[in-house]
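S.K.: Residue numbers (the UniProt record's numbering): 1 to 284.
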Ligand code: SF4
Ligand code: SF4
Ligand code: FES
């Protein structure tokens with residue numbers, strides 16, 4: 001017999017699930033109520049699968065299955081992120097018994113609030129990946145020949161870098177950040193796909209880059225090969241929407257599922273960009 005989750009007085013017969021749905025980009029959202037039979041040890045992904053099997057709301061209306069994203073099912077890919085009872089988190093690691101212990105009446109599922117909805121709980125996280133491009137969050141390679149072992153990484157550096165390397169680009173830190181505002185553009189009549197894409201990227205590049213990208217810039221600037229692009233990363237962080245746009249509200253660090261020390265990265269980036277600005281001034 002599986003033990004009862006602390007806080008859950010008794011196992012309910014049914015679980016009420018309220019879902020904020022949207023049929024397509026830019027369309028009006030609406031709420032739908034579903035009721036599924038309780039089973040122990042469900043996660044939110046299984047709840048969505050049970051709802052898809054039923055394909056009926058609580059009022060008996062036949063509805064299309066709810067759309068959502070997922071990949072790894074073990075809190076590694078970040079793609080299943082959504083708002084669960086108002087909190088941004090991964091649906092694969094959101095355990096239903098724990099959610100019911102906090103609120104036995106219902107589970108509320110909504111798409112992330114800072115990214116355009118594609119359909120239902122699926123959002124377009126292109127801006128998140130664009131931010132990583134803005135800060136060149138990678139180790140540059142200048143050939144594919146075997147160049148032998150890379151430079152040895154000191155233990156202190158490894159310990160500083162490892163937590164930052166766990167970022168899974170889930171977007172929780174962006175959804176919770178008061179400085180990261182939603183950007184949702186629509187393609188104009190007669191505008192080509194290329195022109196729309198260009199306009200969208202320009203608009204992303206004016207917005208706040210976000211805690212994840214600042215932290216990844218610090219990770220790669222602290223890597224023996226990655227630091228070849230350190231100056232370019234700092235220049236990106238000194239530009240519009242860079243580290244100065246952070247209001248230090250610290251929401252990011254409190255929602256990061258990987259407990260990445262984001263505010264430490266932001267403080268490091270602040271110091272590094274100040275030094276870079278002074279260096280630029282003397283180099284004039
Ligand atoms: S500390 Fe900066 S990045 Fe983090 S939530 Fe606050 S404003 Fe956003
Ligand atoms: S820093 Fe944390 S919250 Fe932000 S994208 Fe990476 S894993 Fe997600
Ligand atoms: S499915 Fe990959 S993090 Fe949830």
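Just so you know, even glycine gets a beta-carbon here, dropped at the ideal spot from N, CA and C.
Small disclaimer: the values here were computed from a predicted structure and weren't measured.
Candidates 218, 146, 212 and 124: which alpha carbon is nearest residue 186's?
M.R.: 124
S.K.: Could you check if residue 110 is buried or exposed, using at least 16 other CB atoms within 10 Å of its CB as the buried criterion?
M.R.: buried
S.K.: Between the C-alpha atoms of residue 87 and residue 15, what's the straight-line distance to the nearest angstrom?
M.R.: 19 Å
S.K.: Below 8 Å, how does it come out for the segment 234 to 245 and the segment 142 to 149: are there three or more Cβ pairs, yes or no?
M.R.: no
S.K.: Given the structure, does residue 254 come close to ligand 2, in the sense that its CB is under 7 Å from one of the ligand's heavy atoms?
M.R.: Checking every heavy atom of ligand 2 against the Cβ of residue 254, none is found closer than 7 Å.
S.K.: Which residue marks the beginning of the alpha helix (DSSP H) containing residue 221, and which one marks its end?
M.R.: 211 to 221
S.K.: For residue 208, does the count of other Cβ atoms within 10 angstroms reach 16, so buried, or fall short, so exposed?
M.R.: buried
S.K.: Pick out the complete alpha helix (DSSP H) segments inside the segment 74 to 102, 4 residues or longer, and give them in chain order.
M.R.: 96 to 102
S.K.: For residue 242, does the count of other Cβ atoms within 10 angstroms reach 16, so buried, or fall short, so exposed?
M.R.: buried
S.K.: Assess, as a yes-or-no matter, whether the segment 162 to 176 is touched by the segment 93 to 110 under the definition of 3 or more beta carbon pairs within less than 8 Å.
M.R.: no
S.K.: Can you determine whether any heavy atom of ligand 2 sits closer than 7 Å to the C-beta of residue 260, and answer yes or no?
M.R.: For ligand 2, at least one heavy atom lies less than 7 Å from the Cβ of residue 260.
S.K.: Less than 8 Å between the CB atoms is what I'm expecting for residue 67 and residue 131, so what's the real figure, rounded?
M.R.: The Cβ separation is near 25 Å, so there is no contact.
S.K.: Out of 230, 98 and 46, which has the shortest C-alpha to C-alpha gap to residue 3?
M.R.: 98
S.K.: So, at 8 Å on beta carbons, what are the nonlocal neighbours of residue 76 in its own chain, with the 5 sequence-adjacent residues on each side left out?
M.R.: 168
S.K.: Counting Cβ pairs, one atom from each stretch, are 3 or more of them under 8 Å apart for the segment 187 to 195 and the segment 150 to 170?
M.R.: With a cut-off of 8 Å, the segment 150 to 170 and the segment 187 to 195 do not count as touching, because too few Cβ pairs lie within range.
S.K.: Going by beta carbon distance, what residues of the same chain come within less than 8 Å of residue 85, once the five residues before and after it are set aside?
M.R.: Hits under 8 Å: 99, 102, 103, 107 and 108.
S.K.: Does the distance from the C-beta atom of residue 136 to that of residue 232 stay below 8 Å?
M.R.: yes
S.K.: Helix, strand or coil for residue 31? Go by DSSP, reduced to three states.
M.R.: strand
S.K.: For the alpha helix (DSSP H) that residue 253 lies in, which residues bound it at each end?
M.R.: Residues 251 to 255.
S.K.: Could you check whether residue 128 and residue 71 sit closer than 8 Å to each other, using their CB atoms as the reference points?
M.R.: Going by C-beta atoms, residue 71 is not nearer than 8 Å to residue 128.
S.K.: Give the single residue among 53, 55 and 8 whose Cα lies nearest to the Cα of residue 95.
M.R.: 8
S.K.: Let me make sure I understand the geometry here. Which of 116, 283 and 51 has the alpha-carbon closest to that of residue 27?
M.R.: 116
S.K.: Please classify residue 211: is it buried, with 16 or more other beta-carbons within 10 angstroms of its beta-carbon, or exposed?
M.R.: buried
S.K.: Does ligand 2 have even one heavy atom less than 7 Å from the beta-carbon of residue 163?
M.R.: no
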